[in-house]
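Scroll down for the structure; my scribbles are underneath it.
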Amino acid sequence: MTEVLERALSEMEFELPAGLVDRALDAAEREPARKNAGRVIRLTSRTALVRVAALVIGVLLANVAAAYFAPKYGQALADSPIVGGVAGPVLRFSGLDASLITRLDASATSSGHTIRLVGGFADTERTVLLLEFDGEPHGLPNKQRECCYADGSLTDQFGREYHRVYSPDALTATFEPLAGPARDLGARLTFHVIELKPLGRNFHAVQGDWTLRLTLLQHAGVVLPVPGPATANGITYTLKSARLSGTQLKIQFELSGPPVDQQRGLPAQPMDNRSFAMGYVRPSLVDAQGNSASVHEWGFSSPKQGALSGGMTAIVPGSGRYTLRFGTAPDGPTFQIDVP
Amino acid sequence: MEDPAIGIADVPALGTPQWPLTAELLCRVYANRVFKFAQLISSSSGDAEDLAQNALERAIRGLKTYDANKGDLEGWLWRIVANAGRDAGRIARRERLMFERLAERWPVEQRVVEVSDGFTNDELLDAVRALSKRHRAVIALRYGADLDYRHVGMALGISEAAALMTTRRALSNLRTRLGKGVNLP
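Read top to bottom, the protein sequences are chains A and B. All you need for the numbering used here is the position in the first sequence, starting with 1, plus 585. All you need for the numbering used here is the position in the second sequence, starting with 1, plus 105.
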């Protein structure tokens with residue numbers, strides 16, 4: 586049976602999209618420093634329209650266009666900021682601050698299911714959409730009750746698409762931070778969902794066409810000062826950055842030294858307290874009272890040579906001094922991080 | 106340019122003085138495989154097009170850094186493509202890599218499933234896209250990029266044995282999704 590399946594996989598063919606190679610060649614030549622580029626978007630020239638427009642109409646059009654492509658301008662005209670609060674525990678779980686959430690109310694129905702957009706948030710670290718499905722309030726993640734993951738694309742008014750990034754709550758859909766003109770002018774975003782993927786046994790995959798539109802302005806994230814390197818157990822630990830988005834703290838770090846080099850050649854280890862990962866890397870974060878912050882994810886990559894680089898994401902309950910510790914081995918290093 | 110006509114067998118020594126490695130030649134030889142890889146690893150065809158373009162862009166920009174004395178072209182190219190996939194979120198990010206290293210310790214399911222020829226390309230593609238990111242990655246590299254297990258492992262930063270076992274596991278899951286389950290006694 587394996588041969589049939591492997592042959593089918595090997596023989597699958599896909600027609601190369603028209604212009605794909607040319608776009609790649611053009612983009613590589615024109616924008617050598619561009620990173621994580623998306624498809625090249627060619628905007629239609631509006632020169633002809635400008636030429637024939639009368640001055641008064643032109644002013645009106647300019648206002649309309651400015652209000653559309655620059656939501657900050659539109660909001661200034663309307664003088665009606667739209668911020669509000671969404672369920673506190675749900676927000677805190679994802680490290681969001683209620684005072685920064687933009688309250689939204691957009692919904693779309695397809696294939697018998699309704700997706701409602703109830704809030705949004707954007708800062709220089711992430712872009713977040715708060716969703717509800719089929720009239721159920723957005724609760725905390727619950728394996729027994731979770732329905733689905735909304736699979737689709739998020740695009741701004743200039744055609745830039747934002748990639749989804751990991752979030753522990755699937756209904757708090759999280760994307761890359763806004764970029765390009767939308768970052769400065771404000772973003773008119775379109776969230777186009779094409780499939781609801783099941784997260785639990787009570788839901789089956791559904792394909793459909795849900796389009797939700799929203800406007801978000803980007804807030805500034807907070808870059809925190811980091812303490813200098815520390816050496817423990819023969820390993821030098823260096824904090825590369827610490828960034829705060831709401832109450833979500835992301836820390837990037839590096840490890841170097843003989844134990845790091847020695848573990849490179851070892852076979853895969855089970856994840857127990859004797860492993861290098863648990864003994865010398867696993868980060869934990871506690872506040873001044875000794876309460877542990879929730880660490881949503883952590884990990885590292887170990888290149889063939891050079892420092893091991895890693896990262897962690899934690900939710901901090903509030904401001905204050907936090908102690909970051911690496912590994913479960915005795916005498917692990919600690920760092921003090923002040924969260925405003 | 107849109108219809109690459111050169112196959113791998115036609116250019117056995119790409120990157121040598123006889124066949125200098127240019128952006129155009131790289132695209133002609135590899136664009137189809139990069140796109141097939143992107144199709145298998147992405148959740149939609151639109152995403153696949155973006156990923157393929159991004160991966161080719163990165164490879165073209167990185168041509169100056171390719172040194173045939175330091176390693177083969179296949180390994181160099183597919184590391185770039187796999188990184189593009191990883192950055193786009195199609196492949197599990199580094200925080201999950203450590204778990205991939207444990208792949209060889211996972212038992213292969215004791216469930217054998219019959220698969221006949223009775224599925225279409227679209228059904229097969231849907232089944233691949235329903236796999237986990239880790240399994241999609243190995244299937245895309247093995248059958249989309251047509252890499253051997255050594256290069257699959259190199260692209261993902263795991264051992265050849267881990268790549269083999271993860272691929273077997275992915276095929277087992279794929280058979281389950283496509284076929285009728287038959288439990289052996």
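Glycine included, C-beta positions come from ideal geometry on N, C-alpha and C. All values derive from a computational prediction rather than experimental measurement.
Do residue i and residue j have their CB atoms nearer than 8 Å?
i	j	result
Arg274 (chain B)	His240 (chain B)	yes
Leu716 (chain A)	Leu756 (chain A)	yes
Leu601 (chain A)	Phe142 (chain B)	no
Ala878 (chain A)	Leu799 (chain A)	no
Met597 (chain A)	Asn226 (chain B)	yes
Pro844 (chain A)	Gly884 (chain A)	no
Gly864 (chain A)	Thr913 (chain A)	yes
Ile686 (chain A)	Gly673 (chain A)	no
Ser679 (chain A)	Gly793 (chain A)	no
Ile185 (chain B)	Ala160 (chain B)	yes
Ala735 (chain A)	Ala758 (chain A)	yes
Glu265 (chain B)	Ala612 (chain A)	no
Asp822 (chain A)	Val871 (chain A)	What sits at residue 822 (chain A) in the sequence shown is Tyr, not Asp. Cβ distance not < 8 Å, so Tyr822 (chain A) and Val871 (chain A) don't count as in contact.
Leu824 (chain A)	Phe920 (chain A)	yes
Taking just the CA atoms, how far does residue j sit from residue i?
i	j	result
Gly744 (chain A)	Lys782 (chain A)	25 Å
Ala189 (chain B)	Leu178 (chain B)	17 Å
Gly903 (chain A)	Lys169 (chain B)	48 Å
Val811 (chain A)	Ile922 (chain A)	7 Å
Ala245 (chain B)	Asp231 (chain B)	13 Å
Phe776 (chain A)	Phe718 (chain A)	15 Å
Leu840 (chain A)	Leu829 (chain A)	22 Å
Thr271 (chain B)	Glu228 (chain B)	22 Å
Arg199 (chain B)	Val713 (chain A)	Because the pLDDT at Arg199 (chain B) is just 42, under 50, the model does not fix this residue reliably, and the value given afterwards should be weighed accordingly. Cα-Cα distance, rounded: 22 Å.
Ala267 (chain B)	Met259 (chain B)	11 Å
Leu279 (chain B)	Pro915 (chain A)	45 Å
Val675 (chain A)	His698 (chain A)	22 Å
Trp183 (chain B)	Leu269 (chain B)	17 Å
Gly643 (chain A)	Gln742 (chain A)	For Gly643 (chain A), the pLDDT reaches just 38, beneath the cut-off of 50, and the residue's location in the model is therefore unreliable, leaving the point undetermined.
Phe599 (chain A)	Leu702 (chain A)	35 Å
Leu610 (chain A)	Glu746 (chain A)	20 Å
Thr898 (chain A)	Gly167 (chain B)	31 Å
Gly831 (chain A)	Leu809 (chain A)	13 Å
Arg608 (chain A)	Ser150 (chain B)	17 Å
Gly917 (chain A)	Ser860 (chain A)	14 Å
His723 (chain A)	Pro753 (chain A)	14 Å
Ile900 (chain A)	Ala862 (chain A)	21 Å
Ser277 (chain B)	Ala187 (chain B)	23 Å
Arg234 (chain B)	Ala242 (chain B)	10 Å
Ala683 (chain A)	Arg677 (chain A)	8 Å
Leu126 (chain B)	Trp181 (chain B)	13 Å
Please look up how many angstroms separate the CB atoms of residue i and residue j, rounded, as I've assumed it's under 8 Å.
i	j	result
Ala693 (chain A)	Leu797 (chain A)	6 Å
Glu710 (chain A)	Pro766 (chain A)	With a Cβ gap of about 19 Å, Glu710 (chain A) and Pro766 (chain A) do not count as contacting.
Leu774 (chain A)	Thr740 (chain A)	7 Å
His748 (chain A)	Ala164 (chain B)	Not quite, the Cβ-Cβ distance comes to about 20 Å (not below 8 Å), so this is no contact.
Tyr254 (chain B)	Leu145 (chain B)	With 8 Å as the limit, Tyr254 (chain B) and Leu145 (chain B) do not qualify as a contact, their Cβ atoms being about 16 Å apart.
Need the endpoints of the beta strand (DSSP E) that residue i sits in, please.
i	result
Leu276 (chain B)	Unbroken run through Leu276 (chain B) is the alpha helix (DSSP H), 265 to 283; no beta strand (DSSP E).
Ile779 (chain A)	772 to 783
Tyr907 (chain A)	905 to 911
Ile244 (chain B)	First-last for Ile244 (chain B): 238 to 244, but that is the alpha helix (DSSP H), not the beta strand (DSSP E).
Phe678 (chain A)	Premise fails: Phe678 (chain A) lies in the alpha helix (DSSP H), 673 to 678, not in any beta strand (DSSP E).
Ser150 (chain B)	First-last for Ser150 (chain B): 150 to 166, but that is the alpha helix (DSSP H), not the beta strand (DSSP E).
Pro868 (chain A)	868 to 871
Ile185 (chain B)	Taken as a continuous stretch (DSSP letters only), Ile185 (chain B) belongs to no beta strand (DSSP E), being part of the alpha helix (DSSP H) at 178 to 192.
Ala232 (chain B)	No beta strand (DSSP E) holds Ala232 (chain B); the alpha helix (DSSP H) holding it covers 226 to 234.
His698 (chain A)	698 to 707
Asp923 (chain A)	919 to 924
Going by DSSP, what residue range makes up the alpha helix (DSSP H) through residue i?
i	result
Gln144 (chain B)	128 to 146
His256 (chain B)	254 to 261
Glu882 (chain A)	That residue, Glu882 (chain A), is in no alpha helix (DSSP H); its beta strand (DSSP E) goes 879 to 886.
Val845 (chain A)	843 to 849
Quick one: is residue i buried, meaning 16 or more other Cβ sit within 10 Å of its Cβ, or exposed?
i	result
His789 (chain A)	exposed
Pro868 (chain A)	buried
Ala873 (chain A)	exposed
Tyr751 (chain A)	exposed
Gln833 (chain A)	buried
Ser237 (chain B)	exposed
Ile626 (chain A)	A caution first: Ile626 (chain A) carries a pLDDT of 28, below 50, which makes its placement in the model too unreliable to give a value.
Lys538 (chain A)	Since the first and last residues shown for chain A are 586 and 925, residue 538 (chain A) lies out of range.
Ser595 (chain A)	exposed
Ala805 (chain A)	exposed
Glu780 (chain A)	buried
Glu154 (chain B)	buried
Gly895 (chain A)	buried
His881 (chain A)	buried
Asp152 (chain B)	buried
Does any residue of chain D have a CB that is nearer than 8 Å to the CB of residue i?
i	result
Lys141 (chain B)	No chain D is part of this structure, whose protein chains are labelled A and B.
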